[in-house]
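Notes follow the structure.
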Amino acid sequence: MYVPHNYEEIKSSGKLKTILLYNGLGPWNVKKGRDVFLKAKCPVDTCELTANRDLASSADMVLYKDHYIPTGIRRPSNSKQVTMLYYLECPYHTQNVKVPDAINWTATYRRDSTIVAPYEKWQYYDTKVQQLEQDINYSVNKTKKVAWFVSNCGARNGRLQYAHQLQKHIE
């Protein structure tokens with residue numbers, strides 16, 4: 001996680017960074033304020049959440065979830081405000097999404113995002129970590145049933161057909 005080099009100075013100033021969740025607090029399942037950062041022991045906890053759209057011009061970050069809603073407020077060209085669009089949809093569903101000029105950061109499943117965020121999991125990228133080749137077939141002699149929790153079974157990627165093929169090999 002990125003921690004500003006001068007974070008101790010920022011923290012000692014007592015000034016909080018305001019993050020406006022423009023689509024509301026509900027889609028994020030959070031409460032206003034900074035408790036979410038403190039409870040999670042976030043290394044950068046000088047942030048506060050709000051859904052108050054009246055703060056759109058003064059918030060340090062305006063964060064949109066799943067779709068962009070124009071604020072109608074023109075941001076000065078020298079503004080340090082970050083406007084970020086956060087999508088959970090996979091690249092197949094977002095490949096043709098046009099990101100407005102008003103957005104200067106993105107957080108999506110896509111690898112070309114400012115922040116790559118696959119399915120709400122924030123993960124450090126470590127080039128030293130490599131997948132090990134599996135030399136054990138874990139399915140041999142398995143007799144129990146399985147469960148698969150998946151959304152959008154009717155997706156065009158053949159997910160449902162794959163499940164039907166798997167069923168042929170499972171009791």
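Quick note: the sequence shown uses full-length UniProt numbering, first residue 1, plus one each step.
Glycine residues also receive a C-beta, built at the ideal position from the N, C-alpha and C atoms.
Handout entry: Local conformation of Gly-26 per DSSP, three classes
Key = In the sequence shown, the residue the question calls residue 26 occupies position 26. Correct three-state label for Gly-26: helix.
Handout entry: Residues bridged to Thr-106 [DSSP beta-bridge criterion]
Key = Translated into positions along the sequence shown, residue 106 becomes position 106. According to DSSP, which records beta bridges pairwise, Thr-106 is partnered with Leu-85.
Handout entry: Coarse secondary structure for Glu-8, derived from DSSP in three states
Key = Residue numbering aside, residue 8 sits at position 8 when the sequence shown is read from its first letter. The answer is helix: DSSP assigns Glu-8 an H, G or I state.
Handout entry: Beta-carbon proximity of Met-61 to Leu-20, cut-off 8 Å
Key = Within the sequence shown, residue 61 is the residue found at index 61, counting from 1. Within the sequence shown, residue 20 is the residue found at index 20, counting from 1. Contact: yes.
Practice task
Take His-169 as the anchor and find which of Lys-65, Gly-24 and Asn-141 has the nearest alpha-carbon.
Solution key: Residue numbering aside, residue 169 sits at position 169 when the sequence shown is read from its first letter. It is Asn-141 whose Cα lies nearest to the Cα of His-169.
Practice task
Any chance you could list the alpha helix (DSSP H) runs of at least 4 consecutive residues sitting entirely within the UniProt domain "Fucosyltransferase C-terminal" (141 to 171), in chain order?
Solution key: 159 to 167
Exercise for the section: Pick helix, strand or coil for Val-36, following the three-state DSSP scheme. Expected result: Here the question's residue 36 lines up with position 36 in the sequence shown. It is helical.
Handout entry: Where Leu-16 sits in the DSSP three-state scheme
Key = As a working mapping, residue 16 is identified with position 16 in the sequence shown. It is coil, neither helix nor strand.
Practice task
Give me whichever residues DSSP pairs with Val-116 in a beta bridge.
Solution key: Here residue 116 is taken as the residue at index 116 of the sequence shown, counted from 1. Bridge partners of Val-116: Thr-108.
Practice task
State yes or no: is the C-beta of Trp-87 within less than 8 Å of the C-beta of Tyr-68?
Solution key: Here the question's residue 87 lines up with position 87 in the sequence shown. Here the question's residue 68 lines up with position 68 in the sequence shown. Here the sequence assigns Tyr to residue 87, which means Trp is not the residue at that position. Not a contact, by the Cβ cut-off of 8 Å.
Handout entry: Nearest-angstrom Cα separation, counted from Ser-77 out to Val-150
Key = Stepping through the sequence shown from its first residue, residue 150 is reached at position 150. Stepping through the sequence shown from its first residue, residue 77 is reached at position 77. When rounded, the distance between both Cα atoms is 43 Å.
Problem - Leu-55 (DSSP reduced to helix, strand or coil) - result: Here residue 55 refers to the residue found at position 55 when the sequence shown is read from its first residue. Helix at Leu-55.
Handout entry: Residue burial classification, Tyr-22 (beta-carbon count within 10 angstroms, cutoff 16)
Key = Counted from its first residue, the sequence shown places residue 22 at position 22. By the 10 Å Cβ count, Tyr-22 comes out buried.
Exercise for the section: Could you round the C-beta distance between Leu-38 and Asp-45 to whole angstroms and report it? I think they count as a contact, below 8 Å. Expected result: As a first step, residue 38 is located in the sequence shown; it is residue number 38 there, counting from the start. As a first step, residue 45 is located in the sequence shown; it is residue number 45 there, counting from the start. 6 Å between Cβ atoms; contact.
Handout entry: Outcome for Ser-139 when other beta-carbon atoms lying within 10 angstroms are tallied against a minimum of 16
Key = Position 139 of the sequence shown, counting from 1, holds the residue named residue 139. With fewer than 16 other Cβ atoms within 10 Å, it is exposed.
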